[in-house]
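**Student:** This is the structure I have questions about; it appears just below.
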């Protein structure tokens, strides 16, 4: 057990030790060395107990997410990039412009400082990409064997002007649009964790989508509702949408973008790509009259390169989510039951 | 017919044409859990002609692993210094005292592996622990276990054992037909089991039971073609053994794999979940490999574990009932609260019906326009 | 549980090999396919190559069905099958 009254052992410069979470000098040092340089902004630099930022226009949107992904670093991203993108995207699909992020770190004693620094770099870069600031945070350290390296929690605030997207606005005749190929994140992480010896071309799609979504909302009319298909994948969102609206949601399998190597990885693991997590994707439910315009805006952006109309909403007596399969058959889509892919986000 | 490339539209057209010429219901059975899931996922069930029924048989190895085998795995995982290595499919199947998953959440040492060799490697790297590998599966998977035992023997590992629950497909088919209460017109035989055992392994089924057997792989076109050939055979009054997966399945199978299995295992009468004992339908370790038998090493007696009340899994996997006939289906028994193995296993018939069929869909055929 | 995927053997060293499964390189045990050489298509299951595939047809597996006429035996086992 670390004796906090003694001078810390010399290796605290390259390893996280318990004292780094003590709120004293070592915490200050950790923040100064690993956190601040990568998240430069005036509000954070003050390091007060709370961040005070300007409000609005519009109403406040608030979201929070915990990130426990294993491994911490995976092809295409890491827990830091995930922590920013996930929370920013939750705000964005709710029609909010993300304004500020609060960052909570729980670090495991023994974590290599170089890993921490890389993750913090990633957080800084993702925040810049999103144009959002990390304005406040907290760091705790727990004993060896806890926290699996690190856990991150991010809370985000944003502001919504006007009518936010909402399932109540969805109508029969609406279309479902996806901004690109599915299942890359979940499978990249799954392979990296379960089969690290497999050399794979798969990469996570993790990315903040707020700028892309803002463009769609500014330049087009007719977005009814949006969702990001994270855990439970596209299947989860579509099944949920059917329940909430009471309508029939039909997904066309041939229209859903899916990279061949991702599909093959899914087959290897016996998984349905529709049920796999995405971290750089949004499903937009829209007025069909606006579809062409929405696609144009999406495809004009690297994060929307593979955008396509993948389904539609139909009138129904009872809620139903259905897949029209590539061979012209049908089967229902249900929300997956859980832990197929643990520790994916 | 000449050798040429075929596409799905053509295959389905042939299926419908054949079915239309038959003036009764044709009942076909696929006997592999992977076929069950694949057929549903790609929507094939919804495209079957009105008079062609596709049933699922006892081909989900997880579903037919006896409750007492599960209970032994759970008991072992809870022993000090023992770690149970298992394929992921097994982890949620309930025994009388819970599943490996619930046992793990209560502190049992359970580890998911993708290959039997991973378990051997783990044992080699952790000589202070006893590693037990849950050896489940049909003939596709058995060679891997046999190779693992041979490797453990070569490395002289004294901390590696297996709990054998391997089963054989052909004896299961015979037992099903001997049972006599299902009227079937043909079997869609599992492609990858057939890779190991060879197409000729089904010859006794065709000759002694006068039953059609068509071997198919797992991609959609192969399955559809297999079902089409079975239906065409019915129309034409033929009873044949056909191999629709010739690029992988030869008439004699993989000899190296068969010899390896025979070196390590011998057939025995074993208990199947919900089906009872079937003669010569399972595998046990040969005497020279008895030191790798977990049941012997840990002195385990197979507990007497009755199946849950009201559960119709046994009838479902033999085609005598559909999931809809079971009073527990969809109400007391769902994937979140499963009672029987057919609902737990992602290759189980009940889970597949629950996940992929419309609630109001009739039990026989799809035939939607 | 019967999932087996075709891929191409890219490396082989005794019983150890590497298979390219359309973008993922996986280590497999090749003891069950002693006749397989680099460049062959094999079927991979649970860490083992379980069969050597007919190369041309392995490619076609993904898209197309091969000839329906190929049967093990054309012997009719009886005309009263229906």
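Chains as they are written, first to last, in the numbering used here: chain X, 1 to 345; chain V, 1 to 369; chain U, 1 to 82. Ideal Cβ positions, reconstructed from N, Cα and C, are used throughout, including at glycine.
#1: For residue 61/U, count neighbouring C-beta atoms within 10 Å of its own C-beta (all shown protein chains included) and say buried if the count is 16 or more, exposed if not.
#2: Is residue 73/X close to the ligand PLP? I mean its beta-carbon at under 7 Å from any heavy atom of the ligand.
#3: If you follow the beta strand (DSSP E) that residue 29/V is in, where does it begin and where does it stop?
#4: Rounded to the nearest angstrom, what separates residue 80/X and residue 244/X at their Cα positions?
#5: So, helix, strand or coil for residue 327/X, using DSSP?
#6: What separation, rounded to the nearest whole angstrom, lies between the Cα atoms of residue 264/V and residue 258/V?
#7: Mapping the DSSP letters down to three states, classify residue 61/U as helix, strand or coil.
#8: Is residue 210/X buried or exposed, if buried means 16 or more other CB atoms sit within 10 Å of its CB?
#9: Excluding the 5 residues flanking residue 122/X on each side, which residues of the same chain have their C-beta closer than 6 Å to its C-beta?
#10: Is it a yes or a no for the segment 107 to 120 of chain X touching the segment 132 to 147 of chain X, going by three-plus beta-carbon pairs under 8 Å?
#11: Consider the Cβ of residue 346/X: report whether some Cβ of chain U lies at a distance smaller than 8 Å.
#12: Leaving out five residues on either side along the sequence, give the residues of the same chain with a beta carbon under 6 Å from the beta carbon of residue 33/V.
#13: Could you check whether the Cβ of residue 272/X sits closer than 8 Å to any Cβ belonging to chain V?
#14: Comparing the C-beta of residue 47/U with each C-beta of chain V, is any distance below 8 Å?
#15: Given this structure, state the Cα-to-Cα distance separating residue 356/V from residue 260/V, to the nearest angstrom.
#16: Residues of chain X with CB under 9 Å from residue 42/V, in chain order?
#17: On the CB-based measure, 16 or more other CB atoms within 10 Å of its CB, does residue 24/U come out buried or exposed?
#18: Pick helix, strand or coil for residue 31/U, following the three-state DSSP scheme.
#19: According to DSSP, simplified to helix, strand and coil, what is residue 85/V?
#20: Would you mind telling me which residues of chain V sit closer than 7 Å to residue 3/U, beta carbon to beta carbon, in chain order?
#21: Could you check whether residue 34/X and residue 113/X sit closer than 8 Å to each other, using their CB atoms as the reference points?
#22: What would DSSP say about residue 140/X, mapped onto helix, strand or coil?
#23: Per the DSSP calculation, residue 112/X is bridged to which residue(s)?
#24: Using DSSP bridges, identify the partner residues of residue 229/X.
#25: Within 8 Å of any Cβ in chain U, is that where the Cβ of residue 126/V sits?
#26: Can you give the Cα-Cα distance for residue 209/V and residue 177/V, rounded to whole angstroms?
#27: Given a limit of 8 Å on CB to CB distance, which residues of the segment 20 to 32 of chain U reach chain X?
#28: What did DSSP end up calling residue 249/X once you bin it into helix, strand or coil?
#29: For residue 37/U, does the count of other Cβ atoms within 10 angstroms reach 16, so buried, or fall short, so exposed?
#30: Quick one: what's got a C-beta closer than 8 Å to residue 13/U's C-beta in the same chain, skipping five residues either side?
#31: Going residue by residue through the segment 84 to 128 of chain V, where are the continuous beta strand (DSSP E) segments of at least 3 residues, counting only ones entirely within it?
#32: Helix, strand or coil for residue 207/V per DSSP?
#33: Which residues does DSSP list as the beta-bridge partners of residue 56/V?
#34: Within the 8 Å Cβ cut-off, does residue 305/V reach chain U?
#35: Decide yes or no for the touch test of the segment 316 to 324 of chain X against the segment 235 to 244 of chain X: beta carbon pairs closer than 8 Å, at least 3 of them.
#36: Is there a Cβ of chain U sitting closer than 8 Å to that of residue 196/V, yes or no?
**Tutor:** Walking through what the data contain:
#1: With a pLDDT of 45 at residue 61/U, under the threshold of 50, the modelled position of that residue is not reliable, and the figure given next carries that caveat. Taking all protein chains shown into account, residue 61/U has 16 or more neighbouring C-beta atoms within 10 Å of its C-beta and is therefore buried.
#2: With respect to the ligand PLP, the structure offers nothing, as it holds no ligand at all.
#3: 26 to 30 is the extent of the beta strand (DSSP E) around residue 29/V.
#4: Their backbone Cα atoms lie some 32 Å apart in a straight line.
#5: Annotated three-state conformation of residue 327/X is coil, per DSSP.
#6: Within the model, the alpha-carbon separation for residue 264/V versus residue 258/V is close to 10 Å.
#7: Note that residue 61/U scores a pLDDT of 45, beneath 50, so its modelled location is shaky; the value from the coordinates is reported in the next line. Looking at residue 61/U - three-state DSSP - the assignment turns out to be helix.
#8: With 16 or more other Cβ atoms from the protein chains shown falling within 10 Å of its own Cβ, residue 210/X counts as buried.
#9: Cβ within range, chain order: 78, 80 and 81.
#10: Yes, since at least three Cβ pairs between the segment 107 to 120 of chain X and the segment 132 to 147 of chain X fall closer than 8 Å, the two stretches touch.
#11: The first residue shown for chain X is 1 and the last is 345, placing residue 346/X beyond what the model contains.
#12: Excluding residues within five positions, the ones whose Cβ falls inside 6 Å are 59, 60 and 347.
#13: For residue 272/X, the closest Cβ of chain V is nearer than 8 Å.
#14: Residue 47/U counts as touching chain V.
#15: Answer to the nearest angstrom: the Cα atoms are 39 Å apart.
#16: Counting only Cβ-Cβ distances below 9 Å, residue 42/V has contacts in chain X at 253, 325, 326, 327, 329 and 331, in chain order.
#17: Around the beta carbon of residue 24/U, 16 or more other beta carbons lie within 10 angstroms, which makes this residue buried.
#18: Of the three classes helix, strand and coil, the one that applies to residue 31/U here is coil, per DSSP.
#19: The three-state secondary structure of residue 85/V, taken from DSSP, is strand.
#20: Among the residues of chain V, those whose CB is under 7 Å from the CB of residue 3/U are 34, following chain order.
#21: Yes, the Cβ-Cβ distance between residue 113/X and residue 34/X is below 8 Å.
#22: Three-state result, residue 140/X: strand.
#23: According to DSSP, residue 112/X bridges with 15/X.
#24: BP columns for residue 229/X are empty, so no partner.
#25: No, residue 126/V lies away from the interface with chain U (no Cβ there is under 8 Å from its Cβ).
#26: Straight-line Cα distance between these residues: approximately 8 Å.
#27: Identification of residues in the segment 20 to 32 of chain U having a C-beta nearer than 8 Å to some C-beta of chain X yields 21, 22, 23, 24, 25, 26 and 27, given in sequence order.
#28: Correct three-state label for residue 249/X: strand.
#29: Classification of residue 37/U: exposed, given that the 10 Å Cβ count is below 16.
#30: Annotation for residue 13/U: no residue places its beta carbon closer than 8 Å to its own, counting only its chain and skipping 5 residues before and after.
#31: Fully enclosed beta strand (DSSP E) runs of 3 or longer: 110 to 112.
#32: Three-state DSSP puts residue 207/V in a helix.
#33: Under DSSP, residue 56/V takes part in a beta bridge, and its partners are 30/V.
#34: No, because no Cβ of chain U sits closer than 8 Å to the Cβ of residue 305/V.
#35: When Cβ pairs closer than 8 Å are counted between the two stretches, the segment 316 to 324 of chain X is seen to touch the segment 235 to 244 of chain X, the count reaching three or more.
#36: Yes - at least one Cβ of chain U is within 8 Å of the one on residue 196/V.
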